[in-house]
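Numbering (the working numbering), first residue to last: 19 to 386.
Encoded structure:
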């Protein structure tokens with residue numbers, strides 16, 4: 019008597035990656051069902067909230083593949099565990115990454131628990147471009163095969179137990195291959211563009227959106243030399259290394275270097291700018307990170323050589339990590355790095371393996 023196939027619940031977003039993931043798992047012999055998560059309810063009627071269209075696309079794909087689609091509402095969990103923290107970080111003058119928090123609290127916690135407990139799943143699956151490798155009884159997180167689409171940066175908060183219960187079918191493919199499969203299958207999502215908005219909230223004008231929840235706090239814009247040259251509407255609207263949207267005039271004739279945000283004085287509500295994207299004030303020799311999470315290891319003591327990304331789509335930076343205590347580390351880069359931003363995540367790698375990461379608490383500025 020043959021063993022019944024393992025049951026996988028695929029997080030169906032209405033996009034091409036999760037669509038193809040479901041088909042790939044069918045081909046591998048799994049019993050596949052889909053789940054569409056509704057995680058935002060604040061302003062569903064507005065044109066940029068694509069939830070209804072995404073659900074329709076997810077349903078069309080599931081119908082085409084002959085699989086059941088479940089729906090679940092995690093809006094309360096999203097608000098309490100992701101969005102409120104997102105606003106708190108912005109209020110404090112930091113620049114958070116909601117996708118990382120959403121993966122931790124919603125996709126690989128609320129979804130994982132619901133799929134296992136309510137739907138009887140053996141595994142969940144998502145359309146993330148990452149891979150897993152099981153080594154000595156522990157599941158490791160590896161970069162996706164497509165270096166241009168690798169999403170391991172956003173998944174460093176997962177533990178090996180969560181990874182062991184998760185499948186990432188498109189992690190072994192390049193994005194053009196995924197689109198080709200979707201086209202060959204005639205899926206409605208084949209040519210759908212990738213989403214770039216805030217996780218689950220959709221495509222919208224970020225400044226207008228943030229302004230609904232946080233009051234504007236105008237303050238001075240000053241240069242690194244102390245000259246006042248303008249006014250900002252709130253430090254929350256600006257991030258280190260930003261050039262556009264400063265409202266302090268440009269250099270359309272190219273006669274001068276453009277202005278860049280090089281620092282935020284949160285205490286005095288002052289935005290500090292300088293000319294040139296490699297101004298020394300923008301450079302850091304390292305950082306302090308906290309809220310650490312290691313994918314497959316206990317907190318370490320001593321030092322570690324590895325590479326780090328301080329933002330998504332950044333080239334790996336060779337570095338040395340020095341443990342300060344169980345939840346704080348000092349990271350020293352081999353070469354100075356521009357626009358290291360408190361609130362963002364520093365994620366560490368050893369070759370293809372994602373070791374883990376933490377939240378950037380402060381940057382260690384280049385002193386000249």
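Virtual Cβ for every residue (Gly too), placed ideally from N, Cα, C.
Source: prediction; values computed, not measured.
Going by alpha carbons, who is nearest to residue i out of the options?
i, options, result
"residue 260", "233, 209 and 356", "356"
"residue 228", "89, 368 and 109", "109"
"residue 210", "337, 203 and 72", "72"
"residue 81", "192, 32 and 185", "32"
"residue 248", "164, 277 and 254", "277"
"residue 317", "302, 344 and 163", "344"
"residue 86", "37, 369, 155 and 234", "37"
"residue 352", "346, 256, 158 and 336", "336"
"residue 191", "111, 145, 372 and 155", "145"
"residue 24", "254, 35, 50 and 42", "50"
"residue 377", "167, 158, 349 and 131", "349"
"residue 143", "384, 42 and 166", "42"
"residue 105", "255, 300 and 385", "255"
"residue 308", "250, 381 and 288", "381"
Roughly how many whole angstroms lie between the Cα atoms of residue i and residue j?
i, j, result
"residue 271", "residue 243", "Low per-residue confidence applies at residue 271: pLDDT is 43, beneath 50, and the placement is therefore not dependable, though the value from the model is reported in the following sentence. Between residue 271 and residue 243, the C-alpha separation is close to 24 Å."
"residue 341", "residue 74", "49 Å"
"residue 189", "residue 237", "45 Å"
"residue 325", "residue 187", "26 Å"
"residue 258", "residue 359", "6 Å"
"residue 140", "residue 180", "12 Å"
"residue 239", "residue 304", "26 Å"
"residue 19", "residue 195", "Confidence is the limiting factor: at residue 19 the pLDDT is only 44, short of 50, which leaves the residue's position unreliable, though a coordinate-based value still follows. In a straight line, the C-alpha of residue 19 is about 37 Å away from that of residue 195."
"residue 275", "residue 262", "13 Å"
"residue 147", "residue 206", "21 Å"
"residue 115", "residue 78", "31 Å"
"residue 374", "residue 347", "12 Å"
"residue 170", "residue 155", "20 Å"
"residue 21", "residue 178", "26 Å"
"residue 107", "residue 158", "30 Å"
Just to confirm before moving on: does the CB-CB distance between residue i and residue j stay below 8 Å?
i, j, result
"residue 30", "residue 40", "yes"
"residue 182", "residue 27", "no"
"residue 338", "residue 291", "no"
"residue 364", "residue 328", "yes"
"residue 160", "residue 150", "yes"
"residue 362", "residue 113", "yes"
"residue 384", "residue 298", "yes"
"residue 92", "residue 128", "yes"
Which one or two residues does DSSP pair with residue i in a beta bridge?
i, result
"residue 18", "The first residue shown for the chain is 19 and the last is 386, placing residue 18 beyond what the model contains."
"residue 141", "26"
"residue 327", "365"
Quiz item: Does the pairing of the stretch 160–176 with the stretch 307–321 give three or more beta-carbon distances under 8 Å?
Solution: Segments in contact, yes.
Quiz item: Are at least three pairs of beta-carbons, each pair with one atom in the stretch 96–106 and one in the stretch 118–127, less than 8 Å apart?
Solution: Touching, per the Cβ criterion.
Practice problem: Report yes or no: do the stretch 276–293 and the stretch 329–336 share at least 3 C-beta pairs separated by less than 8 Å? | Solution: Touching, no, given that fewer than three Cβ pairs across the two stretches are closer than 8 Å.
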